[in-house]
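Okay, so here's the structure we're looking at.
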Amino acid sequence: MESGTKLDRFAAHRWFPAVVWTLRLVVGALFVMSGLVKGIDLWGFVFKLEEYLAVWGFSEPRSITVIGALLISGYEFVFGLLLATGCYKRVSVWALLLQMAVMLPLTLYIAVAEPVSDCGCFGDFWVISNTMTFVKNLLITAALVALLILNPRLKQGMFQPAIQWIAGTWISLYFIIVALYGYNVQPMVDFRPYPVGTPLIGADAGEAFAEEDADAEPMVFVYERDGQKQEFTMDHLPDSTWTFVERIGESPADDAGGHVEGAAFTVYDESGEDVTEEAITTAGREFLVVIPEPQRIDISYTYFLNELKEWADSSDVGMVALIAAGRREIDFIKDISMASYDIYSAEDTKLKELARGTMSLVELEDGRIKAKYTLSSIDGDILDAGPSGADLPERMAPRPQWWFKALTGFFAACLLGLYLFQSLILAINSRIRALYQKKRVNLQSENAGAASGAVSEDKKHNHNKLENNHEKEHRSR
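Using numbering that gives the first Met the number 0, the letters of the sequence shown correspond one by one to residues 0 to 476.
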């Protein structure tokens, strides 16, 4: 009773609204940012979830992982924004507490056991340590518990209860558009080391790592012979009787633990030799076919790629494929695709950072990334008719990044309009409902009158019929 009185006194204090709104905005903003950066780069979140599953010994179909990634990131974004705007005061807090009931013990386990390098809470936008992730979640959970008690006591919110569902629907629609575009084309905002405009190789690309080469782990090359695999260093590579399988070695990390823009990109031939400068040109235009997961290659696109190679040769445009595979897999892919373009090997992690998707195209101009998109996002008419015309790259190119800003501005403007004119919208809705109720009452009255008239007619008809029967009986007598 006494604690309830103290809480009532605090709720009546003039600082109470400021405290509650601060908690709403801070906690809601964290969930919005977490959900949005994962939704923008849905592929990155899918890769992180698959990393977790691999650590725990699970191997789920990619489709299930994609749906899970979409639901988790959308859940965070929608309920985070509802909390920040004061909508669904109890439901939004309970929904986020339910998530923290899962995430808090999970991040504690990650902080102690460190099965993965980072939790991926903020994707590639903000990489923090596993310990800091747990501390962050601990503070968020404490703030949500406080909001569970305080939030319902502050009735004030951006949107009135009768109109909250419109805001929630609009927020969900925005997120779905952004996430599906990022998954099917490319992320609208690129947080990875190779955004559009970045030099992929050359002096400019190497400057970011020039001072950190000494910290790089030595590269180890795995070769195979007679079914036996063995590791070799760069200075002691085996003879030609051995078959190259893969390269092992980490790129130097940046000082923040995340990625460095313009990170060194290396391409290898079938023998494991560095042929980056041969494969990737720094003068003119070039297409890179990026395949980070050869086991998921879509053979239906290989015919188009061969046609694209013919167009590239006639248009003085270079074209090569970069695949995360060894010699045997590359030979197999060459056989089934009848590739007319050169195929080189690169690290799967680098290829996933370069472009998202199972099969992607990266367009370079003078060594700098000009555009990137998945093959599935190319217009169907181009795929069916084949590449043609000097403006083919422009017709295949995805929407520029300013489209994300325009989309976000449009949705934000609509939410602002909903906030400013919600009283007018509710008044119009009330007027429409009143007119509908009046029309319904009039219709019911008309139906009742018609039914009453029909009953009177029936009675009159029965009365006349009875009189006629009496008259017939009287005559028969």
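Virtual Cβ for every residue (Gly too), placed ideally from N, Cα, C.
As the structure is a computational prediction, the values presented were derived from the model and not from experiment.
Between the C-alpha atoms of G325 and S359 there is a straight-line separation of about 19 Å. The continuous stretches of beta strand (DSSP E) do not include L146, which lies in the alpha helix (DSSP H) extending over residues N129 to L149.
In the structure shown, the three-state DSSP call for P198 is strand. F121 has no beta-bridge partner at all, per DSSP. Here Q421 carries a helix assignment [DSSP, helix/strand/coil].
Assignment of beta-bridge partners to Q159 by DSSP yields no partner. By the CB criterion at 8 Å, Y372 and A389 fall outside the cutoff. When Cβ pairs closer than 8 Å are counted between the two stretches, the region 146-162 is seen to touch the region 81-100, the count reaching three or more. Rounded to whole angstroms, the gap between the alpha carbons of G34 and A145 is 22 Å.
For F264 against L199, the beta-carbon gap comes to about 5 Å, under 8 Å, which counts as contact.
When the five nearest sequence neighbours on each side are left out, the beta carbons in the same chain lying within less than 8 Å of the beta carbon of W402 are those of M187, in order along the chain. Note that the region 87-106 touches the region 131-143; at least 3 beta-carbon pairs, one per stretch, sit closer than 8 Å.
It is roughly 28 Å from the alpha-carbon of A28 to the alpha-carbon of L52.
Between the region 108-123 and the region 9-26 there are fewer than three inter-stretch CB-CB distances shorter than 8 Å, so the stretches are not counted as touching. Judged by their CB atoms, L69 and Y193 are not nearer to each other than the 8 Å cut-off. Classified as exposed, V440 has fewer than 16 neighbouring CB atoms from the shown chains inside 10 Å of its CB. For A324, the three-state secondary structure derived from DSSP is coil.
When only Cα atoms are considered, P114 and K37 end up about 20 Å apart. Judged by DSSP in its simplified three-state form, G317 adopts strand.
By the C-beta density criterion, D40 is buried, having at least 16 other C-beta atoms within 10 angstroms. The alpha carbon of L137 has as its nearest neighbour, out of M99, F231 and F331, the alpha carbon of M99. It is roughly 12 Å from the alpha-carbon of E75 to the alpha-carbon of I170. Going by DSSP, S359 is part of the beta strand (DSSP E) stretching over S359 to E364.
Non-local beta-carbon contacts of D341 in its own chain, meaning distances under 8 Å to residues more than five positions away in sequence, involve A278, V319 and A320 in chain order. Rounded to whole angstroms, L391 and I176 show a C-alpha spacing of 26 Å. When DSSP states are grouped into helix, strand and coil, I377 belongs to the coil group.
Straight-line measurement puts the Cα of G356 at about 7 Å from the Cα of W42.
Apart from the 5 residues on each side of it in sequence, V361 sits with its Cβ closer than 7 Å to the Cβ of L287, V289, L353, A354, I368 and K371 in its chain, given in chain order. Shown here, T232 sits in a strand according to DSSP, grouped into three states.
In the three-state reduction of the DSSP assignment, V65 falls in the helix class. Separation of D315 and Q227 (C-alpha to C-alpha, rounded to the nearest whole angstrom) is 44 Å. Per DSSP, the unbroken beta strand (DSSP E) holding F286 starts and ends at R284 to I290.
Per DSSP, S91 lies in no beta strand (DSSP E) segment; the continuous alpha helix (DSSP H) that holds it begins and ends at K88 to A112. DSSP places D341 in the uninterrupted beta strand (DSSP E) bounded by D341 to S344. Following the DSSP letters along the chain, one finds G34 inside the alpha helix (DSSP H) bounded by residues F15 to I39. Contact between F174 and G67 is ruled out by a C-beta separation of about 15 Å, above the 8 Å threshold.
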